[in-house]
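Taking it in order: structure first as structure tokens, then the write-up.
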Amino acid sequence: MTDLRKVVFPVAGMGTRFLPATKATPKEMLPILDKPLIQYGVEEALSAGMKDVIMVTGRGKRAIEDHFDISVELEANLRSAGKGDLYEQVSQVARMANIAYIRQKEPKGLGHAVLCARDWVGDECFGVSLADELMVSEKSALSQLRDLHEKTGASVVGLVRVPADKVSRYGIVAAHDEDGLLRIDRLVEKPAIADAPSDMALMGRYIFTPRLFDYLEKQTPGSLSEIQLTDAMDGLAKEEPMYGVILDGARFDAGNPVGFLQANIALGLNHPDYAEALKQFIRTLPI
Ligand code: G1P
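The numbering used here numbers the first residue of the sequence shown as 1078 and each following residue consecutively.
Structure below.
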């Protein structure tokens, strides 16, 4: 295993697709069943062997820090009420990872948010994970990326194929086969349908070499007048190898209401405590 320990979660985004729910609650704290999205993301990173987490936060995101903090009062209450299972769950969340927080002071885009983590990452390879993309798979998405990173030592990005009419919502890659690997040639952020180089979309899971930061540093604003991660990646991919992995598993865009509902239903139907009741309810619906 290479020493890939660090993972960056950019969590400063405004969550406009989920207003008004996200007016006072970070979108990363929206629950899928009984856990907030960000917890799924952190658990996935830990299961991929990453140990150090940095959250790049912004205004109104304190609930994320509180979620991963020790709540002495709550833990004492659960214990004295004899709620051992809940106590275990709550205390485990606060102790699961070594988490640091830095603040992105202005909403200048995803690329800028990642750049804010530069000093903390230093001269090491690192992961980036977007918590509103929920991936459910036997082998976690970041582990799938990590396998290829360990083979190649290169930057690796997670991809899913999307229908042609959806390409303009994502970062889209052009790639070619290189000895059985998918070598990325070019990346375009949210292209018009006619300009999309393929149907392979970036899905919020990345492993980068630290060279990415040099490209982020000089990146000028792109789509939506923001510093785009995808644009800096395009520069990096032209200088050093970058590979793509078509991710195995189910993917939910839980940062929008339909994807969020789908995630809750799909995970609910797989949950031993909720599956039966949920199935019975769904059977009663006039669909
Ligand atoms: C971001 C990235 C985009 C990627 C997407 C995945 O876009 O910029 O390249 O495809 O996440 O969800 P956003 O959803 O922040 O607009």
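No residue lacks a Cβ here, since even glycine has one placed at the ideal position from N, Cα and C.
Check your understanding: Is it right to say Val1084 is buried, meaning 16 or more other beta carbons lie within 10 angstroms of its own, or is it exposed?
Key -> Under this definition Val1084 is a buried residue.
Practice item. Please confirm whether Ala1343 and Ala1327 have their CB atoms less than 8 Å apart. Key: Yes.
Review point. Contact between the stretch 1250 to 1265 and the stretch 1280 to 1290: three or more CB pairs below 8 Å?
Key: No, because fewer than three Cβ pairs between the stretch 1250 to 1265 and the stretch 1280 to 1290 fall closer than 8 Å, the two stretches do not touch.
Exercise for review: Please state whether DSSP places Thr1134 in a helix, a strand or coil.
Suggested key: Here Thr1134 sits in strand by DSSP.
Exercise for review: Using 10 angstroms around the beta-carbon of Pro1103, count the other beta-carbons present and answer buried if the total reaches 16, otherwise exposed.
Suggested key: Buried, by the Cβ-count rule.
Practice item. Verify whether the separation of the beta carbon atoms of Leu1279 and Tyr1320 is less than 8 Å. Key: Inclusion of Leu1279 and Tyr1320 in the CB contact set at 8 Å is not warranted, their separation being larger than that value.
Exercise for review: Quick one: using the 10 Å Cβ neighbour count with 16 as the cut-off for buried, is Met1078 buried or exposed?
Suggested key: Here the model assigns Met1078 a pLDDT of 48, short of 50, so the residue's position is not dependable, and the following value carries that caveat. In the assembly as shown, Met1078 is an exposed residue. Its beta-carbon has fewer than 16 other beta-carbons within 10 Å.
Check your understanding: What do you get for Glu1165, buried or exposed, if any count of 16 or more other CB atoms within 10 angstroms of its CB means buried?
Key -> Per the 10 Å Cβ criterion, exposed.
Check your understanding: So what does DSSP say about Val1321, is it helix, strand or coil?
Key -> First, the amino acid is wrong: residue 1321 is Gly here, not Val. In this structure, Gly1321 counts as strand in the three-state DSSP scheme.
Check your understanding: Is the number of C-beta pairs between the stretch 1216 to 1227 and the stretch 1089 to 1106 that are closer than 8 Å three or more?
Key -> In this structure the stretch 1216 to 1227 does not touch the stretch 1089 to 1106; the number of beta carbon pairs closer than 8 Å is below three.
Review point. Should Glu1210 be counted as a contact of the ligand G1P given a C-beta to heavy atom distance under 7 Å?
Key: Yes, the Cβ of Glu1210 comes within 7 Å of a heavy atom of the ligand G1P.
Exercise for review: Could you work out which residue in Asp1162, Ile1115, Lys1315 is closest to Glu1142 when comparing CA atoms only?
Suggested key: The shortest Cα separation from Glu1142 among Asp1162, Ile1115, Lys1315 belongs to Ile1115.
Point to revise | Any chain C beta carbon closer than 8 Å to Gly1092 | key: As a matter of chain content, chain C is missing from the structure shown, which is built from one protein chain.
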